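Asker:
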């Protein structure tokens with residue numbers, strides 16, 4: 550069922566446009582995947598996520614295994630049916646959240662033993678369990694179980710994580726029982742060390758059992774320049790005929806730059822989390838809705854955005870909702886921020902198909918960097 | 550512009566069905582008015598409130614005068630435009646919230662001087678100001694400024710409130726500058742004392758300057774039986790050719806009973822506030838979504854409800870969202886609870902028009918009183 554089709558490589562840059570054929574639909578790349586951690590995009594109903602044009606969302610195995618549990622989701626007919634989302638879903642392996650959220654954990658060559666951050670219950674997560682969970686969810690794209698060290702980790706820690714990630718990938722491939730209705734992506738680690746990245750690409754991307762590959766271990770504390778350089782260096786060594794997914798990245802600027810490097814899948818909590826704190830992404834940079842400058846501003850959040858929020862409500866009204874602590878503010882700002890990220894991806898795709906991604910990138914980065922909304 | 554049309558009085562009961570012709574549209578009665586305190590229904594977007602079939606909403610003058618202020622709303626083109634709600638709006642006078650929310654207040658025969666519960670700023674609210682504010686909002690129905698004592702107030706306090714309420718109504722009528730594009734409702738007080746109610750109906754409902762009348766001073770601490778008896782006693786003395794609005798009431802059972810007494814307009818925070826706490830109204834009584842009994846329940850909240858929540862999501866999923874603390878839970882449960890209240894009003898209307906409201910009431914009250922969802 551899974552097929553990664555590279556439609557076009559931009560003549561000006563290395564940016565790629567393509568299609569991912571998945572069990573629950575076709576995804577046009579480059580694509581941004583909104584994050585629905587606990588089987589819901591925070592503050593936005595699935596119907597509205599569809600209207601935004603999101604073709605695939607991400608959900609988190611760690612959260613779902615703890616609550617409501619994979620067995621419940623499987624009984625309910627899988628994650629799509631449980632959450633009433635008909636389009637593709639990518640799930641992570643749960644590893645990253647074990648490292649960042651669980652209270653007490655022990656990571657060995659076998660995997661992780663940890664206590665739930667919710668109720669302290671003891672859980673095991675390893676390669677085999679990560680496959681079992683994601684197959685129970687019915688994910689369109691499953692991520693291999695990996696170890697993701699922080700940016701400032703010692704080389705030895707990074708190397709141990711790389712070794713485990715390769716061994717765990719082989720165990721994921723062996724443990725997988727569903728071949729035809731889902732995909733498995735392996736994850737390249739190696740921190741911001743080019744030599745380690747090369748070495749790990751060579752190992753991970755040699756695995757035939759993977760339909761696609763991801764760049765992991767970024768957006769974990771390194772600088773933007775390190776992120777961009779590592780992504781550029783790593784992506785170009787990855788197989789051209791398979792999908793490239795940059796995990797957990799990033800700002801609109803990060804997307805625009807990394808699409809240039811030949812990456813086509815992205816996810817990040819940034820648009821939705823920022824929305825809940827009143828930070829709005831626009832073509833002209835970030836806008837802080839609570840600022841007094843918007844008190845009497847009857848214009849839309851972003852005049853170049855066609856989302857429901859921008860076509861229906863004013864900055865003044867949205868500021869009022871934010872200041873008044875109304876939940877509809879989070880909903881409306883999240884709708885806009887996701888619309889904006891999805892538009893960036895769609896505009897990038899159009900520019901790639903027209904062989905003018907380079908020009909578009911220069912213009913887009915210049916506008917994003919403007920300080921138009923500085924208070 | 551305003552016209553109250555009594556279409557039909559049920560042959561079995563005193564229940565009335567009619568139409569309110571307002572500047573922003575026609576309202577079919579009996580009607581429940583969802584509460585949008587701060588220029589938004591909490592957790593639900595105006596588009597979804599429309600889809601629910603809400604023909605009129607209520608908004609609170611006290612909150613809007615403090616934030617964002619009547620001047621801002623007027624500048625933005627009025628409340629409808631500010632909040633992107635095209636249908637009718639009823640606003641209260643602000644008095645009730647001054648008594649219940651403001652930190653420091655002094656109420657005299659002139660009106661109220663109070664400190665904002667938000668920032669402590671000093672404000673004046675009296676008959677003239679209440680009219681000025683509601684006219685600035687562009688309300689379809691304005692409420693007269695009244696004094697609403699608690700249920701356990703001394704007779705002397707109730708009598709003083711009645712006297713002030715009459716005097717303030719005359720000042721409201723005199724202060725009103727917009728006659729053609731809005732309505733003014735006077736408010737009957739008198740606690741749960743029948744003699745006082747009779748006396749106040751006679752005084753208030755004699756005022757020609759009012760397009761409709763409300764029963765105030767209920768749902769302020771009295772028993773359900775006192776509420777029903779007082780409503781029944783008061784409503785039947787009110788003019789038959791004008792609208793009757795029971796303020797701040799109540800449970801589904803209260804609606805079903807008070808429609809019988811010839812009341813046709815209701816508002817209450819109960820459906821939306823309960824939804825945010827996971828309490829769901831169904832035809833078979835209340836359901837507490839967090840209860841373990843719904844963990845693996847893949848049925849709809851209420852099989853007899855056609856709302857988006859009931860036709861799309863399961864109890865199990867909604868319980869998951871509630872337990873996980875997801876904002877989409879409040880949205881989905883509020884949508885259902887409002888749909889349920891609106892359906893009660895619509896079903897009541899259909900029963901009245903068919904001269905079988907009495908039968909419908911008996912069946913409906915019996916189902917509502919069932920303990921089907923008792924944990």
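Protein chains in written order, with our numbering: chain Y, 550 to 924; chain E, 550 to 924. No residue lacks a Cβ here, since even glycine has one placed at the ideal position from N, Cα and C. Fair warning: this is a prediction, and the values are worked out from it, not measured in the lab.
(1) Let me check understanding here. Comparing Cα to Cα, which of E:662, E:678, E:677 and E:707 lies closest to residue 671 (chain E)?
(2) Under 8 Å by Cβ, that's how I've got residue 615 (chain Y) and residue 665 (chain Y) pegged, so tell me the actual separation to the nearest angstrom.
(3) Listing by chain order, which chain E residues have their CB less than 8 Å from the CB of residue 657 (chain Y)?
(4) Taking all protein chains shown into account, decide if residue 914 (chain Y) is buried (16 or more other Cβ within 10 angstroms of its Cβ) or exposed.
(5) How many angstroms separate the CA atom of residue 638 (chain Y) from the CA atom of residue 609 (chain Y)?
(6) For residue 625 (chain Y), tell me which candidate among E:906, E:890 and E:846 has the shortest Cα-Cα distance.
(7) Can you list, in chain order, the residues of its chain whose CB lies under 7 Å from that of residue 871 (chain E), leaving out five sequence neighbours each side?
(8) Using a Cβ-Cβ distance under 7 Å, would residue 875 (chain Y) count as near chain E?
(9) Along the stretch 619–645 of chain Y, where does the CB come closer than 7 Å to a CB of chain E? Name the residues.
(10) I'd like to know whether the C-beta atoms of residue 738 (chain Y) and residue 700 (chain Y) end up nearer to each other than 7 Å.
(11) Quick one: which chain Y residues come within Cβ less than 8 Å of residue 866 (chain E)?
(12) Using a cut-off of 8 Å between C-beta atoms, extract the partners of residue 879 (chain E) located in chain Y.
(13) Just checking: is the beta-carbon of residue 617 (chain Y) within a distance shorter than 7 Å of some beta-carbon in chain E?
(14) Check whether the Cβ atoms of residue 734 (chain E) and residue 781 (chain E) sit closer than 7 Å, and answer yes or no.
(15) Can residue 771 (chain Y) and residue 793 (chain Y) be called in contact, C-beta distance under 7 Å?
(16) What three-state label does DSSP hand residue 728 (chain E) in the structure shown?
(17) Does the distance from the CB of residue 779 (chain Y) to the CB of residue 750 (chain Y) come in under 7 Å?
(18) For residue 606 (chain Y), which of helix, strand or coil comes out of DSSP?
(19) Taking 7 Å as the cut-off, decide whether the C-beta atoms of residue 566 (chain Y) and residue 902 (chain Y) are in contact.
(20) Residue 578 (chain E): buried (16+ other C-beta within 10 angstroms of its C-beta) or exposed?
(21) Looking at the secondary structure, which residues open and close the beta strand (DSSP E) in which residue 556 (chain E) lies?
(22) List the whole-angstrom C-beta distance separating residue 833 (chain Y) from residue 921 (chain Y), where the pair is believed to meet the contact cut-off of C-beta under 8 Å.
(23) Beta carbons nearer than 8 Å to chain Y: which residues of the stretch 838–859 of chain E have them?
(24) Could you please give me the residues that DSSP links to residue 635 (chain E) through a beta bridge?
(25) Is residue 554 (chain Y) buried or exposed, if buried means 16 or more other CB atoms sit within 10 Å of its CB?
(26) Mind checking residue 651 (chain E): buried by the 16 CB within 10 Å criterion, or exposed?
(27) Against residue 666 (chain E), what residues of chain Y qualify as contacts under a CB-to-CB distance less than 8 Å, listed in chain order?
(28) Rank Y:860, Y:775, Y:890 and Y:802 by C-alpha distance to the C-alpha of residue 633 (chain E) and give the top, closest one.
(29) Using a Cβ-Cβ cut-off of less than 8 Å, list which residues of the stretch 667–678 of chain E approach chain Y; keep chain order.
(30) Identify the contact partners of residue 863 (chain E) in chain Y, using a Cβ-Cβ distance below 8 Å as the criterion.
(31) Classify residue 657 (chain E): buried if its beta carbon has 16 or more other beta carbons within 10 angstroms, exposed otherwise.
(32) One question on the structure: do residue 882 (chain Y) and residue 824 (chain Y) come within less than 7 Å of each other, judged by their Cβ atoms?
(33) My output table needs one value for residue 657 (chain E): the three-state DSSP class, helix, strand or coil.
(34) Which residues mark the beginning and the end of the alpha helix (DSSP H) in which residue 835 (chain Y) is found?
(35) So is residue 728 (chain Y) buried or exposed if we call it buried at 16+ other beta carbons inside 10 Å?
(36) Where does residue 725 (chain E) land, buried or exposed, given buried means 16+ other C-beta within 10 angstroms?
Answerer: By the coordinates alone:
(1) Counting from 1 along the second chain, the entry for residue 671 (chain E) is found at position 122. Looking at the Cα atoms, E:662 is the closest of the given residues.
(2) Within the first chain, the letter at position 66 stands for residue 615 (chain Y). Within the first chain, the letter at position 116 stands for residue 665 (chain Y). Residue 615 (chain Y) to residue 665 (chain Y), Cβ: 5 Å. Contact.
(3) Working through the first chain from its first residue, we reach residue 657 (chain Y) at position 108. Those do not exist, as residue 657 (chain Y) stays about 30 Å from chain E at its closest Cβ, beyond 8 Å.
(4) The residue labelled residue 914 (chain Y) in the question sits at position 365 within the first chain. Residue 914 (chain Y) is exposed by the Cβ-count criterion.
(5) As a first step, residue 638 (chain Y) is located in the first chain; it is residue number 89 there, counting from the start. As a first step, residue 609 (chain Y) is located in the first chain; it is residue number 60 there, counting from the start. Distance between the alpha carbons of residue 638 (chain Y) and residue 609 (chain Y) is about 10 Å.
(6) Within the first chain, the letter at position 76 stands for residue 625 (chain Y). Nearest of E:906, E:890 and E:846 to residue 625 (chain Y), Cα basis: E:846.
(7) Residue numbering aside, residue 871 (chain E) sits at position 322 when the second chain is read from its first letter. Only 827, 838, 839 and 878 meet the Cβ criterion.
(8) On the first chain, position 326 is the one that residue 875 (chain Y) refers to. At least one chain E Cβ lies under 7 Å of residue 875 (chain Y).
(9) 621, 624, 625, 631, 632 and 633
(10) Here residue 738 (chain Y) corresponds to residue number 189 of the first chain, with the count starting at 1. Here residue 700 (chain Y) corresponds to residue number 151 of the first chain, with the count starting at 1. No, Cβ-Cβ distance for residue 738 (chain Y) and residue 700 (chain Y) is not below 7 Å.
(11) Along the second chain, read from residue 1 onward, the residue named residue 866 (chain E) stands at position 317. Within 8 Å Cβ-Cβ: 588, 625, 631, 632 and 633.
(12) Within the second chain, numbered from 1, the residue matching residue 879 (chain E) stands at position 330. Under the 8 Å cutoff, chain Y gives 876.
(13) Against the first chain, residue 617 (chain Y) aligns to sequence position 68. Yes, residue 617 (chain Y) counts as interfacial toward chain E.
(14) Here residue 734 (chain E) refers to the residue found at position 185 of the second chain. Here residue 781 (chain E) refers to the residue found at position 232 of the second chain. No, the Cβ-Cβ distance between residue 734 (chain E) and residue 781 (chain E) is not below 7 Å.
(15) Locating residue 771 (chain Y) in the first chain gives position 222, counting from the first residue. Locating residue 793 (chain Y) in the first chain gives position 244, counting from the first residue. Going by C-beta atoms, residue 771 (chain Y) is not nearer than 7 Å to residue 793 (chain Y).
(16) Counted from its first residue, the second chain places residue 728 (chain E) at position 179. Residue state, collapsed to three classes: coil.
(17) Reading the first chain from its first residue, position 230 is the one you call residue 779 (chain Y). Reading the first chain from its first residue, position 201 is the one you call residue 750 (chain Y). Going by C-beta atoms, residue 779 (chain Y) is not nearer than 7 Å to residue 750 (chain Y).
(18) Here residue 606 (chain Y) is taken as the residue at index 57 of the first chain, counted from 1. Looking at residue 606 (chain Y) - three-state DSSP - the assignment turns out to be strand.
(19) If you number the first chain from 1, residue 566 (chain Y) lands on position 17. If you number the first chain from 1, residue 902 (chain Y) lands on position 353. For residue 566 (chain Y) and residue 902 (chain Y), yes; Cβs fall inside 7 Å.
(20) Residue mapping note: residue 578 (chain E) aligns to position 29 of the second chain, counting from 1. The residue in question, residue 578 (chain E), is buried, as its Cβ has 16 or more Cβ neighbours within 10 Å.
(21) Start at 1 with the first residue of the second chain, and residue 556 (chain E) comes out as number 7. Per DSSP, residue 556 (chain E) belongs to the beta strand (DSSP E) from 552–558.
(22) Position 284 of the first chain, counting from 1, holds the residue named residue 833 (chain Y). Position 372 of the first chain, counting from 1, holds the residue named residue 921 (chain Y). With 8 Å as the limit, residue 833 (chain Y) and residue 921 (chain Y) qualify as a contact, their Cβ atoms being about 4 Å apart.
(23) Residues passing the 8 Å Cβ filter: 844, 845, 847 and 857.
(24) Your numbering for residue 635 (chain E) matches position 86 in the second chain. For residue 635 (chain E), which the question treats as bridged, DSSP gives no partner whatsoever.
(25) Here residue 554 (chain Y) is taken as the residue at index 5 of the first chain, counted from 1. So residue 554 (chain Y) ends up on the exposed side.
(26) Your numbering for residue 651 (chain E) matches position 102 in the second chain. Buried, by the Cβ-count rule.
(27) Numbered from its first residue, the second chain carries residue 666 (chain E) at position 117. Here the premise fails: no neighbours, minimum Cβ distance about 12 Å.
(28) Taking the second chain and counting its residues from 1, the one referred to as residue 633 (chain E) is at position 84. Looking at the Cα atoms, Y:860 is the closest of the given residues.
(29) Per Cβ criterion, the list is empty.
(30) As a working mapping, residue 863 (chain E) is identified with position 314 in the second chain. Per Cβ cutoff of 8 Å: 625 and 631.
(31) Sequence index remark: in the second chain, residue 657 (chain E) carries index 108 (1-based). By the neighbour-count rule (16 or more Cβ atoms within 10 Å), residue 657 (chain E) is not buried but exposed.
(32) Against the first chain, residue 882 (chain Y) aligns to sequence position 333. Against the first chain, residue 824 (chain Y) aligns to sequence position 275. Yes; because the gap between Cβ atoms is below 7 Å, this pair is in contact.
(33) The residue given as residue 657 (chain E) occupies position 108 in the second chain. In the structure shown, residue 657 (chain E) sits in coil (DSSP, three-state: anything other than H, G, I, E or B).
(34) Here residue 835 (chain Y) refers to the residue found at position 286 of the first chain. Run containing residue 835 (chain Y): none in the alpha helix (DSSP H); it sits in the beta strand (DSSP E), 834–837.
(35) By 1-based counting over the first chain, the position of residue 728 (chain Y) is 179. Exposed, because fewer than 16 other Cβ atoms sit within 10 Å of the Cβ of residue 728 (chain Y).
(36) Within the second chain, the letter at position 176 stands for residue 725 (chain E). Buried is the label assigned to residue 725 (chain E), since at least 16 other Cβ atoms lie within 10 Å of its Cβ.
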